[in-house]
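Each remark here refers to the structure printed beneath this line.
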Amino acid sequence: MNSNCDKTPAKNSDRQAMSESKTEKKNPVRASAAAELEILIRARYPIIYVVSWEETRVEHRLKEIADRRKKQLICWSVTTGLTKSGSMAPSRQKGLADPVEALDSVIENKEPAIYLFKDFHPFTRPRESNVAVIRKLREVALALSDSYKTLVICSPVVELSSELEKAVTVLDYPLPDVSAFDRLLARICEDVAAHAQLKISLTPEDRERLIQAALGLTLQEAENVFAKTIVTDGHLSAEDMSIVFSEKQQIIRKSGLLEYYESTTEIKDIGGLEQLKKWLKKRSLAFSEKAKQFGLPSPKGALLVGVQGCGKSLCAKAVSRMWNMPLLRFDMGRMFASLVGSSEENIRRAITVAESIAPVVLWADEIDKAFAGSQGSANTDGGTTARVMSTFLTWLSEKQAPVFVLATANNISQLPPELLRKGRLDEIFFVDLPNAAERGQIFQIHLRKRNRNPKGFDLSALVQASEGFSGAEVEEAVISALYDVFYKGKELETEDILGAIRETVPLSRTMAEGISALRAWAEGRARFASFRDEVTAAALRRKLEM
Ligand SMILES: Nc1ncnc2c1ncn2[C@@H]1O[C@H](COP(=O)(O)OP(=O)(O)OP(=O)(O)O)[C@@H](O)[C@H]1O
Ligand SMILES: [Mg+2]
180 MNSNCDKTPA KNSDRQAMSE SKTEKKNPVR ASAAAELEIL IRARYPIIYV VSWEETRVEH
240 RLKEIADRRK KQLICWSVTT GLTKSGSMAP SRQKGLADPV EALDSVIENK EPAIYLFKDF
300 HPFTRPRESN VAVIRKLREV ALALSDSYKT LVICSPVVEL SSELEKAVTV LDYPLPDVSA
360 FDRLLARICE DVAAHAQLKI SLTPEDRERL IQAALGLTLQ EAENVFAKTI VTDGHLSAED
420 MSIVFSEKQQ IIRKSGLLEY YESTTEIKDI GGLEQLKKWL KKRSLAFSEK AKQFGLPSPK
480 GALLVGVQGC GKSLCAKAVS RMWNMPLLRF DMGRMFASLV GSSEENIRRA ITVAESIAPV
540 VLWADEIDKA FAGSQGSANT DGGTTARVMS TFLTWLSEKQ APVFVLATAN NISQLPPELL
600 RKGRLDEIFF VDLPNAAERG QIFQIHLRKR NRNPKGFDLS ALVQASEGFS GAEVEEAVIS
660 ALYDVFYKGK ELETEDILGA IRETVPLSRT MAEGISALRA WAEGRARFAS FRDEVTAAAL
720 RRKLEM
């Protein structure tokens, strides 16, 4: 088996190169990047920046184009300097590992050629030590526009100093699609067939599921994981899905943006918010095959806007249990805290991975914070952040896969109008402070959670005293009272909780203005998550009329 797998890369390259061009005809979406690369080269774009993790796939594609157009393909990396594609021996010519010298040689060469510079991003990012390379690249752009030479930079991240923005064309090279994995699996099956002791037992359905499970991996990662499963137990079957899945968890972890969230929250742990619960319950079967047959589209998602600590995140956690779907937490905030250069690639990968394990709930928590980062992005990061957000918004409106996006936000002023427009999400819910009845339920939930029988407490006194409290503040009052009585060595009573309530200044008092502005915004624009208590509604009406 091993010898067989070891041999594969060489064979692989020819097959991959062939297959890429076949795909062009079959798959217009995937073809566009591979085909566009050739179009850009033919149109003599001097510098093309290909964004991809898959250097080998890009190199194969370029080799194919170079052969067809009778050009040489010359590769550069910091360790090998300039080498002809396919030649294993590194060029030992002095200076050619130096980026400026290498770029000089690109200008000087008179032959038609495609140059592939691998992992060149450390030299194109805005940094003082890169001044010479950046300047040289601009000279290359000028010199090459009138030649039969093209410089292709391939890197998993886009890092471009602003001086280069006009000189360089960025092209995204997407991850392999179903047909690429299909071919990979076919080749593996062929190789394995030569070994009697190895077995592949896949029904057409299993095969489809395995390929689906591999979506979101690079071709190399998929090949590794398939090889791993065969080497482990001597065969490849539907059971190996779990290995593919664990490979994917690795990616989820590495991407830093997605996180598997093991939710233990159930819908009964949420007090109030009955309208929202009803809406969610109605959609619990909407992802099934039966629903599809019935003519129902998969729900797209919902946005929960509202006051802090009132159960927005709690609902996201409960929904995955209710629908029996995995929950992926999408940390939008972290996307911008890290190096922005890699964000575009990261968000695309996050989306592909989420789609590949669909049906899934994608929980985009505190989405307003991420959007806040995108404002003024043109001045701070060359517009990367804004581009990332628009990638996300475009995906939201075009997505076909059953990925239910549950977004939460506190601050509506930070949200772009595109997000609020109908069509992107199914519904916008406004989560207000809990009314009296809801506070009663929340007290009961949190008392029970701490092994206290709510019947032993004067709930109406607690509800009355906690007017204006959020769910989180109600919970906090119970916990803080428990600390008090534990210290005093006595059992918890109503009076202890009332004491804790008296000591709390609720957010609704310190942030009264913000909350009424939020309510006024929600009126007519969002659906209320709770059945509204008449007093609040009347107060709001009066305010609006003034
Ligand atoms: N309606 C509720 N029912 C039961 N518990 C609640 C409710 N609302 C809030 N809580 C309690 O408060 C905690 C915080 O709530 P949650 O994280 O859902 O707030 P949030 O609306 O997401 O706030 P933020 O806007 O600050 O993120 C919950 O973990 C839960 O224990
Ligand atoms: Mg929250």
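Residue numbers (our numbering): 180 to 725.
No residue lacks a Cβ here, since even glycine has one placed at the ideal position from N, Cα and C.
Source: prediction; values computed, not measured.
Element boundaries [beta strand (DSSP E), containing residue i]
i: GLY480; result: 480-485
i: GLN251; result: 251-256
i: LYS578; result: Segment: none, LYS578 is in no beta strand (DSSP E) and carries neither H nor E.
i: VAL312; result: Here VAL312 belongs to no beta strand (DSSP E); instead the alpha helix (DSSP H) covers 310-323.
i: PHE302; result: First-last for PHE302: 300-303, but that is the alpha helix (DSSP H), not the beta strand (DSSP E).
i: ALA543; result: 539-543
Helix, strand or coil at residue i [DSSP, three-state]
i: ILE293; result: strand
i: GLN472; result: helix
i: PHE622; result: helix
i: CYS368; result: helix
i: THR348; result: strand
i: VAL657; result: helix
i: ALA549; result: helix
i: ARG706; result: strand
i: ILE526; result: helix
i: SER416; result: strand
i: ARG508; result: strand
i: LYS263; result: strand
i: VAL230; result: strand
i: LYS378; result: strand
i: PHE571; result: helix
i: GLU606; result: strand
i: GLU438; result: strand
i: LEU394; result: strand
i: THR443; result: coil
i: LEU363; result: helix
i: ALA373; result: coil
i: ALA465; result: coil
i: ALA726; result: In this structure the chain extends from 180 to 725, so residue 726 is not present and cannot be described.
i: LEU612; result: coil
i: LYS205; result: Only weak support is given to the placement of LYS205: the predicted model assigns it a pLDDT of 37, under 50, and the question is left unresolved by the model.
i: LEU598; result: helix
i: LEU354; result: coil
i: ALA586; result: strand
i: LYS669; result: coil
i: LEU275; result: coil
Rounded distance between the beta-carbons of residue j and residue i, thought under 8 Å
i: GLY485; j: LEU697; result: 7 Å
i: GLY451; j: GLU617; result: 3 Å
i: THR329; j: LEU321; result: Rounded, the Cβ-Cβ distance is 14 Å, inconsistent with contact.
i: GLU534; j: ALA495; result: Contact flag wrong, Cβ pair sits at about 19 Å.
i: ILE220; j: ILE253; result: About 14 Å separates the two Cβ atoms, so there is no contact after all.
i: LEU295; j: CYS333; result: 6 Å
i: LEU415; j: LEU381; result: 7 Å
i: LEU585; j: ALA481; result: 6 Å
Residue i, enclosing alpha helix (DSSP H) - first and last residue
i: ARG247; result: 234-247
i: THR329; result: Run containing THR329: none in the alpha helix (DSSP H); it sits in the beta strand (DSSP E), 328-334.
i: VAL337; result: Where VAL337 is concerned, there is no enclosing alpha helix (DSSP H), given that its DSSP letter is neither H nor E.
i: VAL684; result: Looking at the DSSP string, VAL684 is not in any alpha helix (DSSP H), and its letter there is neither H nor E.
i: ASP283; result: 278-287
i: GLY699; result: Residue identity check: residue 699 is Ala in the sequence provided, not Gly. From DSSP, the alpha helix (DSSP H) with ALA699 extends over 691-701.
i: SER639; result: 638-644
i: ARG500; result: 491-502
i: SER592; result: No alpha helix (DSSP H) contains SER592, which DSSP labels as neither H nor E.
Proximity below 9 Å, CB of residue i to CB of residue j
i: THR443; j: ARG500; result: yes
i: GLU287; j: ARG314; result: no
i: ALA311; j: PRO355; result: no
i: LYS479; j: LEU575; result: yes
i: LYS471; j: LEU483; result: no
i: LEU241; j: LEU282; result: no
i: ASP544; j: LEU594; result: no
i: ILE431; j: VAL404; result: no
i: ALA615; j: VAL657; result: no
i: PRO335; j: VAL230; result: yes
i: LEU160; j: LEU541; result: This structure gives no information on residue 160, because the portion of the chain shown stretches from 180 to 725.
i: ILE680; j: PHE648; result: yes
i: LEU493; j: GLY650; result: yes
i: MET504; j: PHE583; result: yes
i: SER788; j: PRO278; result: Any question about residue 788 goes unanswered here, given that the chain covers just 180 to 725.
Any C-beta of chain C under 9 Å from that of residue i
i: VAL349; result: Looking at the structure shown, chain C is missing, and only one protein chain is on hand.
Neighbourhood of ligand 2 [Cβ distance below 7 Å to any heavy atom], ordered by chain position = LYS491, SER492, ASP544, GLU545 and THR587
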